[in-house]
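Okay, structure first, notes after.
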Amino acid sequence: MMGASVIPTGFGKTCAMAGLLAAVSGAFAQSLSVIPGQVPGQQGAQTRLAQPAAAPAPPTLTLKDALARALMYEPQFLGTVDATELARQDTIQARAAAKPSAGLRSEYLNTQGNGQWPTGRYVENDGVHVYHEWAVFHQDLSPGILMGTPVQRARAAEAVARAKQEVARRGLTVTVTRAYYTLVNAQRRYATAQLALEQAERYVTISQNLERGGEVAHSDVVKAQIQDNAQQIALREAQLVMENGRLDLAVLLFPNFDQNFQVVDDLNLASPLPVFAEIEAMARRENPDLRAAQETLRGANLDVTLARQAYLPTLTVDVLYGLEANQIGWSTVNVEEPEKGRVPSVGYFMTISAAIPVWDWGTRRSRVRQAEIRRSQANLDLTVTQREIERNLNGFYNEARAAREEMDLLRSGADLAAENLRLNTLRYAAGEATILELVDAQNTLTQARNAYDDSQVRYRLALANLQTVTGSF
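Following this line, the structure appears as C-alpha coordinates:
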(Lines of atoms letter the chains of each structure in order from A and count residues from 1; the text may use other names and numbers.)
(Lines give C-alpha, C1' and ligand atoms only; values in the text may rest on other atoms or scores of the structure.)
Protein backbone atom coordinates (compact mmCIF):
# COMPACT_ATOMS: atom_id res chain seq x y z
CA MET A 1 0.00 0.00 0.00
CA MET A 2 2.86 2.36 0.74
CA GLY A 3 4.21 1.96 -2.79
CA ALA A 4 0.81 2.63 -4.47
CA SER A 5 0.06 6.09 -5.81
CA VAL A 6 -3.48 7.05 -4.82
CA ILE A 7 -5.15 10.28 -5.99
CA PRO A 8 -7.24 11.83 -3.23
CA THR A 9 -10.95 12.01 -3.83
CA GLY A 10 -11.15 15.75 -3.46
CA PHE A 11 -8.29 16.24 -5.91
CA GLY A 12 -10.07 14.10 -8.53
CA LYS A 13 -13.23 16.14 -8.21
CA THR A 14 -11.28 19.36 -8.48
CA CYS A 15 -9.59 18.21 -11.71
CA ALA A 16 -12.92 17.10 -13.15
CA MET A 17 -14.64 20.39 -12.38
CA ALA A 18 -11.72 22.45 -13.68
CA GLY A 19 -11.51 20.54 -16.96
CA LEU A 20 -15.20 20.45 -17.71
CA LEU A 21 -15.87 24.04 -16.71
CA ALA A 22 -13.04 25.17 -18.96
CA ALA A 23 -14.62 23.22 -21.83
CA VAL A 24 -18.10 24.64 -21.28
CA SER A 25 -17.19 28.22 -20.44
CA GLY A 26 -15.97 29.21 -23.90
CA ALA A 27 -17.75 26.69 -26.11
CA PHE A 28 -21.16 28.30 -26.55
CA ALA A 29 -19.86 31.86 -26.65
CA GLN A 30 -17.31 30.94 -29.29
CA SER A 31 -19.95 29.23 -31.45
CA LEU A 32 -22.37 32.16 -31.34
CA SER A 33 -19.71 34.83 -31.81
CA VAL A 34 -18.42 33.93 -35.25
CA ILE A 35 -15.95 36.29 -36.82
CA PRO A 36 -17.21 37.28 -40.30
CA GLY A 37 -15.34 35.42 -43.00
CA GLN A 38 -13.68 32.98 -40.55
CA VAL A 39 -14.78 29.57 -39.32
CA PRO A 40 -14.58 29.26 -35.52
CA GLY A 41 -12.36 26.50 -34.28
CA GLN A 42 -10.48 26.29 -37.57
CA GLN A 43 -7.67 28.64 -36.68
CA GLY A 44 -5.18 25.81 -36.23
CA ALA A 45 -6.26 24.12 -39.46
CA GLN A 46 -6.06 27.40 -41.36
CA THR A 47 -2.59 28.01 -39.98
CA ARG A 48 -1.42 24.58 -41.14
CA LEU A 49 -3.01 25.05 -44.60
CA ALA A 50 -2.00 28.69 -45.02
CA GLN A 51 -0.65 29.77 -48.38
CA PRO A 52 2.90 31.07 -48.74
CA ALA A 53 3.41 34.68 -47.76
CA ALA A 54 3.73 35.77 -51.39
CA ALA A 55 0.35 34.28 -52.41
CA PRO A 56 -2.56 36.73 -52.59
CA ALA A 57 -5.21 36.48 -49.94
CA PRO A 58 -8.41 34.73 -51.05
CA PRO A 59 -11.33 37.08 -51.74
CA THR A 60 -13.90 37.50 -49.00
CA LEU A 61 -17.39 37.52 -50.47
CA THR A 62 -20.54 38.92 -48.94
CA LEU A 63 -23.94 37.73 -50.11
CA LYS A 64 -24.22 40.85 -52.27
CA ASP A 65 -20.87 40.03 -53.90
CA ALA A 66 -21.99 36.46 -54.52
CA LEU A 67 -25.22 37.62 -56.16
CA ALA A 68 -23.34 40.04 -58.41
CA ARG A 69 -20.95 37.29 -59.52
CA ALA A 70 -23.76 34.84 -60.20
CA LEU A 71 -25.55 37.38 -62.41
CA MET A 72 -22.43 37.57 -64.58
CA TYR A 73 -21.93 33.84 -65.09
CA GLU A 74 -25.21 31.93 -64.64
CA PRO A 75 -26.22 30.73 -68.15
CA GLN A 76 -29.99 30.55 -67.68
CA PHE A 77 -30.17 34.11 -66.41
CA LEU A 78 -27.90 35.32 -69.20
CA GLY A 79 -30.27 33.59 -71.63
CA THR A 80 -33.14 35.74 -70.35
CA VAL A 81 -30.96 38.83 -70.73
CA ASP A 82 -30.36 37.91 -74.38
CA ALA A 83 -34.08 37.24 -74.87
CA THR A 84 -34.88 40.71 -73.51
CA GLU A 85 -32.39 42.31 -75.88
CA LEU A 86 -33.85 40.38 -78.82
CA ALA A 87 -37.33 41.58 -77.88
CA ARG A 88 -36.06 45.15 -77.68
CA GLN A 89 -34.64 44.85 -81.19
CA ASP A 90 -38.03 43.54 -82.37
CA THR A 91 -39.62 46.71 -80.97
CA ILE A 92 -37.09 48.87 -82.81
CA GLN A 93 -37.80 47.01 -86.04
CA ALA A 94 -41.57 47.32 -85.57
CA ARG A 95 -41.27 51.08 -85.08
CA ALA A 96 -39.06 51.34 -88.16
CA ALA A 97 -41.50 49.30 -90.27
CA ALA A 98 -44.23 51.89 -89.62
CA LYS A 99 -42.11 54.66 -91.14
CA PRO A 100 -41.35 55.33 -94.82
CA SER A 101 -38.31 53.60 -96.22
CA ALA A 102 -35.86 55.21 -98.63
CA GLY A 103 -33.19 53.76 -100.85
CA LEU A 104 -31.18 54.26 -104.00
CA ARG A 105 -31.54 52.19 -107.12
CA SER A 106 -29.24 52.24 -110.14
CA GLU A 107 -29.77 50.20 -113.32
CA TYR A 108 -28.27 50.02 -116.77
CA LEU A 109 -30.29 48.31 -119.49
CA ASN A 110 -28.32 47.32 -122.59
CA THR A 111 -30.52 46.23 -125.51
CA GLN A 112 -29.41 44.75 -128.79
CA GLY A 113 -30.25 47.06 -131.68
CA ASN A 114 -32.10 46.06 -134.85
CA GLY A 115 -30.47 48.46 -137.30
CA GLN A 116 -33.78 50.20 -138.10
CA TRP A 117 -35.07 51.94 -134.95
CA PRO A 118 -33.04 53.51 -132.18
CA THR A 119 -35.12 51.81 -129.53
CA GLY A 120 -33.61 48.38 -130.11
CA ARG A 121 -35.24 44.98 -130.43
CA TYR A 122 -37.24 44.99 -127.14
CA VAL A 123 -40.45 46.99 -127.07
CA GLU A 124 -40.41 47.74 -123.36
CA ASN A 125 -37.08 49.57 -123.63
CA ASP A 126 -36.84 53.15 -124.84
CA GLY A 127 -33.45 52.77 -126.41
CA VAL A 128 -30.42 50.62 -126.85
CA HIS A 129 -28.93 52.19 -123.72
CA VAL A 130 -31.28 52.98 -120.84
CA TYR A 131 -30.20 54.27 -117.44
CA HIS A 132 -32.25 54.16 -114.24
CA GLU A 133 -31.00 56.34 -111.39
CA TRP A 134 -33.73 56.49 -108.76
CA ALA A 135 -34.26 57.51 -105.17
CA VAL A 136 -37.04 55.22 -103.98
CA PHE A 137 -39.50 56.07 -101.18
CA HIS A 138 -41.86 53.33 -99.99
CA GLN A 139 -44.68 53.40 -97.47
CA ASP A 140 -47.16 50.70 -96.47
CA LEU A 141 -50.43 52.05 -95.10
CA SER A 142 -51.99 48.93 -93.69
CA PRO A 143 -54.61 49.16 -90.91
CA GLY A 144 -52.10 47.77 -88.45
CA ILE A 145 -49.51 50.41 -89.26
CA LEU A 146 -52.08 53.21 -89.12
CA MET A 147 -53.25 52.03 -85.68
CA GLY A 148 -49.75 51.16 -84.43
CA THR A 149 -50.76 47.57 -83.59
CA PRO A 150 -47.45 45.87 -84.55
CA VAL A 151 -45.48 48.32 -82.42
CA GLN A 152 -47.78 47.74 -79.46
CA ARG A 153 -47.46 43.98 -79.95
CA ALA A 154 -43.66 44.21 -79.99
CA ARG A 155 -43.69 46.35 -76.85
CA ALA A 156 -45.90 43.80 -75.08
CA ALA A 157 -43.47 41.01 -76.03
CA GLU A 158 -40.56 43.10 -74.76
CA ALA A 159 -42.37 43.69 -71.47
CA VAL A 160 -42.94 39.94 -71.13
CA ALA A 161 -39.24 39.29 -71.76
CA ARG A 162 -38.22 41.88 -69.14
CA ALA A 163 -40.62 40.37 -66.61
CA LYS A 164 -39.23 36.88 -67.26
CA GLN A 165 -35.72 38.25 -66.82
CA GLU A 166 -36.73 39.61 -63.43
CA VAL A 167 -38.30 36.25 -62.52
CA ALA A 168 -35.03 34.54 -63.43
CA ARG A 169 -33.03 37.08 -61.41
CA ARG A 170 -35.13 36.52 -58.31
CA GLY A 171 -34.96 32.77 -58.72
CA LEU A 172 -31.19 32.98 -59.03
CA THR A 173 -31.13 35.07 -55.86
CA VAL A 174 -32.86 32.26 -53.98
CA THR A 175 -30.42 29.70 -55.41
CA VAL A 176 -27.35 31.73 -54.48
CA THR A 177 -28.75 32.57 -51.04
CA ARG A 178 -29.36 28.90 -50.35
CA ALA A 179 -25.87 27.89 -51.48
CA TYR A 180 -24.22 30.78 -49.64
CA TYR A 181 -25.86 30.17 -46.29
CA THR A 182 -25.59 26.41 -46.66
CA LEU A 183 -21.82 26.94 -46.69
CA VAL A 184 -22.00 29.37 -43.76
CA ASN A 185 -24.11 26.90 -41.79
CA ALA A 186 -21.75 24.05 -42.70
CA GLN A 187 -18.85 26.08 -41.33
CA ARG A 188 -20.76 26.68 -38.12
CA ARG A 189 -21.57 23.00 -37.81
CA TYR A 190 -17.92 22.16 -38.39
CA ALA A 191 -16.93 24.55 -35.60
CA THR A 192 -19.57 23.04 -33.32
CA ALA A 193 -18.29 19.55 -34.10
CA GLN A 194 -14.72 20.64 -33.29
CA LEU A 195 -15.79 22.03 -29.94
CA ALA A 196 -17.84 18.91 -29.18
CA LEU A 197 -14.81 16.74 -29.98
CA GLU A 198 -12.62 18.82 -27.66
CA GLN A 199 -15.19 18.40 -24.90
CA ALA A 200 -15.44 14.66 -25.52
CA GLU A 201 -11.66 14.32 -25.25
CA ARG A 202 -11.74 16.19 -21.96
CA TYR A 203 -14.49 13.88 -20.69
CA VAL A 204 -12.26 10.89 -21.45
CA THR A 205 -9.42 12.45 -19.47
CA ILE A 206 -11.64 13.45 -16.58
CA SER A 207 -13.39 10.07 -16.38
CA GLN A 208 -10.00 8.34 -16.36
CA ASN A 209 -8.87 10.62 -13.51
CA LEU A 210 -12.05 9.90 -11.59
CA GLU A 211 -11.64 6.19 -12.21
CA ARG A 212 -8.12 6.29 -10.81
CA GLY A 213 -9.52 8.14 -7.80
CA GLY A 214 -12.13 5.47 -7.30
CA GLU A 215 -15.00 7.88 -7.93
CA VAL A 216 -16.48 6.23 -11.05
CA ALA A 217 -16.52 2.81 -12.61
CA HIS A 218 -14.59 1.84 -15.71
CA SER A 219 -17.85 1.89 -17.67
CA ASP A 220 -17.75 5.71 -17.48
CA VAL A 221 -14.39 5.69 -19.25
CA VAL A 222 -15.77 3.33 -21.90
CA LYS A 223 -18.81 5.56 -22.46
CA ALA A 224 -16.60 8.64 -22.70
CA GLN A 225 -14.42 6.91 -25.26
CA ILE A 226 -17.51 5.91 -27.28
CA GLN A 227 -18.65 9.53 -27.20
CA ASP A 228 -15.19 10.65 -28.34
CA ASN A 229 -15.32 8.26 -31.30
CA ALA A 230 -18.79 9.47 -32.24
CA GLN A 231 -17.64 13.09 -32.18
CA GLN A 232 -14.67 12.26 -34.40
CA ILE A 233 -17.07 10.77 -36.95
CA ALA A 234 -19.35 13.81 -36.66
CA LEU A 235 -16.39 16.12 -37.28
CA ARG A 236 -15.42 14.26 -40.46
CA GLU A 237 -18.99 14.34 -41.72
CA ALA A 238 -19.25 18.06 -40.97
CA GLN A 239 -16.02 18.66 -42.88
CA LEU A 240 -17.37 16.75 -45.87
CA VAL A 241 -20.58 18.78 -45.87
CA MET A 242 -18.58 21.99 -45.63
CA GLU A 243 -16.35 21.04 -48.56
CA ASN A 244 -19.32 20.07 -50.70
CA GLY A 245 -21.04 23.34 -49.84
CA ARG A 246 -17.98 25.25 -51.01
CA LEU A 247 -18.00 23.30 -54.28
CA ASP A 248 -21.68 24.05 -54.88
CA LEU A 249 -21.17 27.76 -54.34
CA ALA A 250 -18.02 27.87 -56.46
CA VAL A 251 -19.98 26.52 -59.44
CA LEU A 252 -22.32 29.51 -59.25
CA LEU A 253 -19.76 32.25 -58.67
CA PHE A 254 -16.66 31.57 -60.75
CA PRO A 255 -16.24 30.85 -64.45
CA ASN A 256 -13.10 28.80 -63.82
CA PHE A 257 -14.29 26.91 -60.72
CA ASP A 258 -12.16 28.65 -58.12
CA GLN A 259 -12.53 27.34 -54.56
CA ASN A 260 -10.13 29.84 -53.01
CA PHE A 261 -12.59 32.25 -51.37
CA GLN A 262 -14.11 33.05 -48.01
CA VAL A 263 -17.69 33.92 -47.11
CA VAL A 264 -18.92 36.35 -44.48
CA ASP A 265 -21.07 34.95 -41.69
CA ASP A 266 -23.84 37.53 -41.38
CA LEU A 267 -26.67 35.25 -40.34
CA ASN A 268 -27.17 37.34 -37.20
CA LEU A 269 -27.81 40.46 -39.34
CA ALA A 270 -31.02 39.34 -41.05
CA SER A 271 -33.48 42.12 -41.89
CA PRO A 272 -36.75 42.28 -39.96
CA LEU A 273 -39.98 40.99 -41.46
CA PRO A 274 -42.33 43.79 -42.64
CA VAL A 275 -46.01 43.77 -41.77
CA PHE A 276 -48.27 41.78 -44.09
CA ALA A 277 -50.14 44.82 -45.45
CA GLU A 278 -46.89 46.29 -46.74
CA ILE A 279 -45.84 42.95 -48.20
CA GLU A 280 -49.19 42.57 -49.96
CA ALA A 281 -48.94 46.03 -51.52
CA MET A 282 -45.44 45.28 -52.79
CA ALA A 283 -46.63 42.00 -54.32
CA ARG A 284 -49.36 43.78 -56.31
CA ARG A 285 -46.94 46.43 -57.49
CA GLU A 286 -43.67 44.57 -58.03
CA ASN A 287 -44.49 40.98 -58.95
CA PRO A 288 -42.86 40.00 -62.29
CA ASP A 289 -44.98 36.86 -62.77
CA LEU A 290 -48.14 38.95 -62.65
CA ARG A 291 -46.64 41.52 -64.99
CA ALA A 292 -45.60 38.81 -67.45
CA ALA A 293 -49.08 37.28 -67.43
CA GLN A 294 -50.72 40.68 -67.93
CA GLU A 295 -48.44 41.60 -70.82
CA THR A 296 -48.97 38.16 -72.37
CA LEU A 297 -52.73 38.76 -72.29
CA ARG A 298 -52.26 42.22 -73.80
CA GLY A 299 -50.16 40.70 -76.57
CA ALA A 300 -52.84 38.06 -77.21
CA ASN A 301 -55.48 40.78 -77.54
CA LEU A 302 -53.27 42.58 -80.05
CA ASP A 303 -52.82 39.32 -81.98
CA VAL A 304 -56.60 39.11 -82.34
CA THR A 305 -56.67 42.70 -83.57
CA LEU A 306 -53.92 42.03 -86.09
CA ALA A 307 -55.73 38.93 -87.37
CA ARG A 308 -58.95 40.87 -87.85
CA GLN A 309 -57.16 43.73 -89.59
CA ALA A 310 -56.25 41.31 -92.37
CA TYR A 311 -59.85 41.72 -93.63
CA LEU A 312 -59.25 45.43 -94.33
CA PRO A 313 -57.74 46.96 -97.49
CA THR A 314 -54.07 47.86 -97.59
CA LEU A 315 -52.56 50.87 -99.36
CA THR A 316 -49.02 50.99 -100.67
CA VAL A 317 -47.33 54.19 -101.84
CA ASP A 318 -44.11 54.21 -103.89
CA VAL A 319 -42.48 57.47 -104.97
CA LEU A 320 -39.47 57.37 -107.31
CA TYR A 321 -37.37 60.41 -108.03
CA GLY A 322 -34.53 60.37 -110.54
CA LEU A 323 -34.03 59.69 -114.21
CA GLU A 324 -34.87 57.06 -116.75
CA ALA A 325 -33.13 58.06 -119.95
CA ASN A 326 -30.73 57.03 -122.67
CA GLN A 327 -28.10 59.33 -121.24
CA ILE A 328 -27.14 60.37 -117.74
CA GLY A 329 -27.76 64.05 -117.03
CA TRP A 330 -30.32 66.57 -115.87
CA SER A 331 -31.42 66.98 -119.51
CA THR A 332 -30.97 64.46 -122.31
CA VAL A 333 -31.87 63.91 -125.97
CA ASN A 334 -34.62 61.45 -126.72
CA VAL A 335 -33.34 58.95 -129.25
CA GLU A 336 -36.79 58.68 -130.86
CA GLU A 337 -37.17 62.45 -131.39
CA PRO A 338 -33.72 63.96 -131.45
CA GLU A 339 -34.96 67.03 -133.30
CA LYS A 340 -36.60 68.35 -130.11
CA GLY A 341 -33.21 68.74 -128.52
CA ARG A 342 -32.40 68.30 -124.86
CA VAL A 343 -35.36 67.91 -122.56
CA PRO A 344 -35.49 67.53 -118.73
CA SER A 345 -34.95 63.94 -117.70
CA VAL A 346 -34.92 64.10 -113.87
CA GLY A 347 -38.33 63.91 -112.21
CA TYR A 348 -40.61 61.70 -110.16
CA PHE A 349 -43.48 59.34 -110.53
CA MET A 350 -45.78 57.90 -107.89
CA THR A 351 -47.55 54.60 -107.64
CA ILE A 352 -50.45 54.12 -105.22
CA SER A 353 -51.92 50.65 -105.03
CA ALA A 354 -54.76 49.24 -102.96
CA ALA A 355 -55.05 45.56 -102.08
CA ILE A 356 -58.58 44.48 -101.18
CA PRO A 357 -58.93 40.93 -99.81
CA VAL A 358 -61.81 39.02 -101.35
CA TRP A 359 -61.36 35.27 -100.96
CA ASP A 360 -58.65 33.14 -99.35
CA TRP A 361 -60.44 29.86 -98.58
CA GLY A 362 -60.91 30.72 -94.90
CA THR A 363 -57.26 31.43 -94.06
CA ARG A 364 -57.95 34.77 -92.35
CA ARG A 365 -60.91 33.37 -90.44
CA SER A 366 -58.73 30.51 -89.20
CA ARG A 367 -56.02 32.92 -88.05
CA VAL A 368 -58.58 34.96 -86.13
CA ARG A 369 -59.81 31.78 -84.45
CA GLN A 370 -56.26 30.81 -83.50
CA ALA A 371 -55.64 34.25 -81.98
CA GLU A 372 -58.87 34.04 -79.99
CA ILE A 373 -57.91 30.64 -78.59
CA ARG A 374 -54.50 31.97 -77.54
CA ARG A 375 -56.21 34.94 -75.90
CA SER A 376 -58.50 32.63 -73.90
CA GLN A 377 -55.48 30.63 -72.77
CA ALA A 378 -53.60 33.80 -71.79
CA ASN A 379 -56.60 34.96 -69.78
CA LEU A 380 -56.74 31.61 -68.00
CA ASP A 381 -53.01 31.77 -67.30
CA LEU A 382 -53.47 35.21 -65.78
CA THR A 383 -56.12 34.01 -63.34
CA VAL A 384 -53.98 31.01 -62.39
CA THR A 385 -50.96 33.28 -61.87
CA GLN A 386 -52.99 35.57 -59.63
CA ARG A 387 -54.07 32.63 -57.47
CA GLU A 388 -50.53 31.28 -57.27
CA ILE A 389 -49.21 34.68 -56.24
CA GLU A 390 -51.77 34.90 -53.46
CA ARG A 391 -50.88 31.41 -52.29
CA ASN A 392 -47.12 32.02 -52.44
CA LEU A 393 -47.45 35.39 -50.74
CA ASN A 394 -49.32 33.95 -47.77
CA GLY A 395 -47.26 30.76 -47.67
CA PHE A 396 -43.86 32.46 -47.85
CA TYR A 397 -44.91 35.09 -45.32
CA ASN A 398 -46.16 32.45 -42.88
CA GLU A 399 -42.91 30.52 -43.36
CA ALA A 400 -40.81 33.61 -42.66
CA ARG A 401 -42.86 34.54 -39.61
CA ALA A 402 -42.69 31.02 -38.19
CA ALA A 403 -38.94 30.85 -38.85
CA ARG A 404 -38.46 34.18 -37.11
CA GLU A 405 -40.45 33.13 -34.04
CA GLU A 406 -38.79 29.72 -33.85
CA MET A 407 -35.37 31.31 -34.21
CA ASP A 408 -35.88 33.22 -30.98
CA LEU A 409 -37.08 30.08 -29.21
CA LEU A 410 -34.15 28.04 -30.50
CA ARG A 411 -31.70 30.70 -29.36
CA SER A 412 -33.21 30.46 -25.90
CA GLY A 413 -33.04 26.66 -26.16
CA ALA A 414 -29.33 26.82 -27.00
CA ASP A 415 -28.72 29.00 -23.96
CA LEU A 416 -30.65 26.56 -21.78
CA ALA A 417 -28.71 23.62 -23.22
CA ALA A 418 -25.42 25.33 -22.40
CA GLU A 419 -26.64 25.93 -18.84
CA ASN A 420 -27.81 22.32 -18.64
CA LEU A 421 -24.35 21.08 -19.63
CA ARG A 422 -22.73 23.33 -17.06
CA LEU A 423 -24.99 22.03 -14.28
CA ASN A 424 -24.51 18.39 -15.28
CA THR A 425 -20.77 18.98 -15.35
CA LEU A 426 -20.93 20.15 -11.74
CA ARG A 427 -23.15 17.25 -10.77
CA TYR A 428 -20.88 14.71 -12.46
CA ALA A 429 -17.82 16.16 -10.77
CA ALA A 430 -19.66 15.96 -7.44
CA GLY A 431 -20.69 12.38 -8.03
CA GLU A 432 -24.39 13.26 -8.37
CA ALA A 433 -24.74 12.56 -12.11
CA THR A 434 -23.78 9.70 -14.35
CA ILE A 435 -21.67 9.82 -17.48
CA LEU A 436 -24.82 9.11 -19.48
CA GLU A 437 -26.40 12.31 -18.21
CA LEU A 438 -23.26 14.26 -19.04
CA VAL A 439 -23.04 12.81 -22.55
CA ASP A 440 -26.74 13.47 -23.08
CA ALA A 441 -26.25 17.08 -22.00
CA GLN A 442 -23.38 17.49 -24.43
CA ASN A 443 -25.41 15.99 -27.31
CA THR A 444 -28.35 18.19 -26.40
CA LEU A 445 -26.15 21.29 -26.57
CA THR A 446 -24.73 20.28 -29.96
CA GLN A 447 -28.20 19.62 -31.34
CA ALA A 448 -29.56 22.87 -29.90
CA ARG A 449 -26.76 24.93 -31.43
CA ASN A 450 -27.15 23.23 -34.80
CA ALA A 451 -30.90 23.75 -34.67
CA TYR A 452 -30.41 27.43 -33.92
CA ASP A 453 -28.02 27.80 -36.85
CA ASP A 454 -30.48 25.94 -39.08
CA SER A 455 -33.26 28.29 -38.01
CA GLN A 456 -31.20 31.33 -39.03
CA VAL A 457 -30.60 29.82 -42.46
CA ARG A 458 -34.27 28.93 -42.75
CA TYR A 459 -35.26 32.52 -41.98
CA ARG A 460 -32.87 33.89 -44.60
CA LEU A 461 -34.22 31.49 -47.22
CA ALA A 462 -37.78 32.35 -46.24
CA LEU A 463 -37.02 36.04 -46.79
CA ALA A 464 -35.43 35.26 -50.17
CA ASN A 465 -38.47 33.24 -51.25
CA LEU A 466 -40.81 35.98 -50.08
CA GLN A 467 -38.87 38.55 -52.07
CA THR A 468 -39.46 36.56 -55.26
CA VAL A 469 -43.08 37.68 -54.87
CA THR A 470 -42.60 41.19 -53.49
CA GLY A 471 -39.17 42.40 -54.61
CA SER A 472 -36.45 43.59 -52.27
CA PHE A 473 -37.39 45.13 -48.93
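Residue numbers for the sequence shown follow the numbering used here, so the first one is 1472 and each next one is one higher.
Using N, Cα and C, we set each Cβ at its ideal position, and we do this for glycine too.
Inset, instruction - Quick one: residues in its chain with C-beta nearer than 6 Å to the C-beta of Ser1824, no 5 flanking neighbours on either side, listed in chain order? - result: So the list reads Thr1787, once near-sequence residues are dropped.
Legend entry - Thr1767 versus Thr1533: straight-line alpha-carbon distance, rounded: Roughly 37 Å between the two C-alpha positions.
Legend entry - C-alpha distance - Ser1816 paired with Ser1572, whole-angstrom precision: Ser1816 and Ser1572 have their C-alpha atoms some 24 Å from each other.
Inset, instruction - Give the DSSP-derived three-state secondary structure of Ser1926 in the structure shown. - result: Ser1926 falls in the helix class under three-state DSSP.
Legend entry - Ser1690 versus Ala1900 - alpha carbon distance: Whole-angstrom Cα-Cα distance: 16 Å.
Inset, instruction - With a cut-off of 8 Å on the beta carbons, I'd call Ala1664 and Leu1706 a contact; round off their distance for me. - result: Their Cβ separation, rounded to whole angstroms, is 4 Å, which keeps Ala1664 and Leu1706 in contact under 8 Å.
Inset, instruction - Identify, in the order they occur along the chain, each residue of the same chain with its Cβ nearer than 8 Å to the Cβ of Tyr1544, setting aside the five sequence neighbours on each side. - result: So the qualifying residues of the chain are Leu1723, Leu1724, Phe1725, Pro1726.
Legend entry - Start-end ranges of the beta strand (DSSP E) lying completely within the stretch 1818-1850, minimum 3 residues: Runs of the beta strand (DSSP E) inside the stretch 1818-1850: none found.
Inset, instruction - Specify whether the stretch 1925-1938 and the stretch 1739-1752 touch according to this definition: at least 3 beta carbon pairs, one from each stretch, less than 8 Å apart. - result: Yes, since at least three Cβ pairs between the stretch 1925-1938 and the stretch 1739-1752 fall closer than 8 Å, the two stretches touch.
Inset, instruction - Indicate whether the contact test is met: 3 or more Cβ pairs, each with one atom in the stretch 1645-1660 and one in the stretch 1862-1869, closer than 8 Å. - result: No, the stretch 1645-1660 is not in contact with the stretch 1862-1869.
Inset, instruction - Using alpha carbons as the reference points, say which of Leu1791, Arg1633, Glu1890, Gly1942 lies closest to Ala1919. - result: It is Glu1890 whose Cα lies nearest to the Cα of Ala1919.
Inset, instruction - For Tyr1651, count neighbouring C-beta atoms within 10 Å of its own C-beta (all shown protein chains included) and say buried if the count is 16 or more, exposed if not. - result: Answer is buried; the Cβ neighbour count reaches 16.
Legend entry - Assigned exposure category for Phe1732 - 16 Cβ within 10 Å defines buried: It counts as buried.
Inset, instruction - Please go through the same chain and pick out, in chain order, the residues whose beta-carbon is closer than 7 Å to the beta-carbon of Leu1892, but skip the five residues on each side of it. - result: Contacts found: Val1495, Ala1912, Gln1913, Leu1916.
Legend entry - Inter-residue spacing [alpha-carbon to alpha-carbon] between Arg1931 and Arg1858: Whole-angstrom Cα-Cα distance: 25 Å.
Legend entry - First through last residue of the alpha helix (DSSP H) which encompasses Leu1668: Leu1668 -> alpha helix (DSSP H) spans 1620-1683.
Legend entry - First and last residue of the uninterrupted beta strand (DSSP E) at Asn1581: Unbroken beta strand (DSSP E) run through Asn1581: 1572-1581.
Inset, instruction - Return the chain-ordered ranges of every beta strand (DSSP E) run that is complete within the stretch 1705-1730 and spans a minimum of 3 residues. - result: Fully enclosed beta strand (DSSP E) runs of 3 or longer: not present.
Legend entry - Alpha-carbon spacing of Glu1795 relative to Ser1613, whole angstroms: The straight-line gap separating the alpha-carbon atoms of Glu1795 and Ser1613 is approximately 30 Å.
Legend entry - 9 Å Cβ cutoff met for Trp1605 and Gly1793: Their beta carbons are under 9 Å apart, which means Trp1605 touches Gly1793 by this criterion.
Legend entry - Closest Cα partner of Ala1888 within the set His1603, Tyr1602, Ala1922, Ser1847: For the residues His1603, Tyr1602, Ala1922, Ser1847, the minimum Cα distance to Ala1888 belongs to Ala1922.
Inset, instruction - Spell out the partners DSSP gives Tyr1544 in its beta bridges. - result: Paired residue(s): none; Tyr1544 is not in a bridge.
Legend entry - Close-in-space but distant-in-sequence residues of the same chain around Ala1741 (CB under 8 Å, 5 per side omitted): Result list for Ala1741: Gln1927, Tyr1930, Arg1931, Leu1934, in chain order.
Inset, instruction - Can you say whether Ala1565 is buried or exposed, counting buried as having 16 or more other CB atoms within 10 angstroms of its CB? - result: Within 10 angstroms of the beta-carbon of Ala1565 lie 16 or more other beta-carbons, which makes it buried.
Inset, instruction - Determine contact between the stretch 1620-1627 and the stretch 1665-1685, defined as no fewer than three beta-carbon pairs at a distance below 8 Å. - result: Touching, no, given that fewer than three Cβ pairs across the two stretches are closer than 8 Å.
Legend entry - Same chain only: Cβ atoms within 6 Å of Arg1769, ignoring 5 sequence neighbours per side: Answer for Arg1769: Ala1627, listed in chain order.
Legend entry - Closest by C-alpha distance to Val1735, when choosing among Leu1864, Ala1771, Asp1536: Distance check between Val1735 and each of Leu1864, Ala1771, Asp1536 places Asp1536 closest, using alpha-carbon atoms only.
Inset, instruction - Can you grab the Cα-Cα spacing for the pair Glu1682 / Pro1529, in whole Å? - result: Rounded to whole angstroms, Glu1682 to Pro1529 spans 48 Å at the Cα level.
Inset, instruction - State the DSSP-derived secondary structure class of Val1734, mapped to helix, strand or coil. - result: Residue state, collapsed to three classes: strand.
Legend entry - Nearest-angstrom Cα separation, counted from Ala1709 out to Arg1660: Going by the C-alpha atoms only, they are around 6 Å apart.
Legend entry - Straight-line Cα distance separating Gln1658 from Gly1642: Taking the straight line from one Cα to the other gives about 25 Å.
Legend entry - Among Arg1640, Leu1580, Tyr1782, Ala1662, the one whose alpha carbon lies nearest that of Gly1942: Measuring C-alpha to C-alpha distances from Gly1942 to each of Arg1640, Leu1580, Tyr1782, Ala1662 identifies Arg1640 as the nearest.
Inset, instruction - Ignore the nearest five residues each way along the sequence and tell me which others in Arg1576's own chain have a CB closer than 6 Å to its CB. - result: Take Arg1576, set aside five residues on each side of it, and the residues of its chain with a beta-carbon closer than 6 Å to its own are Trp1605, Val1607, in chain order.
Inset, instruction - For the alpha helix (DSSP H) holding Gly1770, just list the boundary residues, first then last. - result: Residues 1759-1780.
Inset, instruction - Look up Phe1608 in the DSSP assignment and say whether it is helix, strand or coil. - result: DSSP places Phe1608 in strand when its eight states are reduced to three.
Legend entry - Bounding residues of the beta strand (DSSP E) (the contiguous stretch that carries Thr1533): Careful: Thr1533 lies outside any beta strand (DSSP E) and carries neither H nor E.
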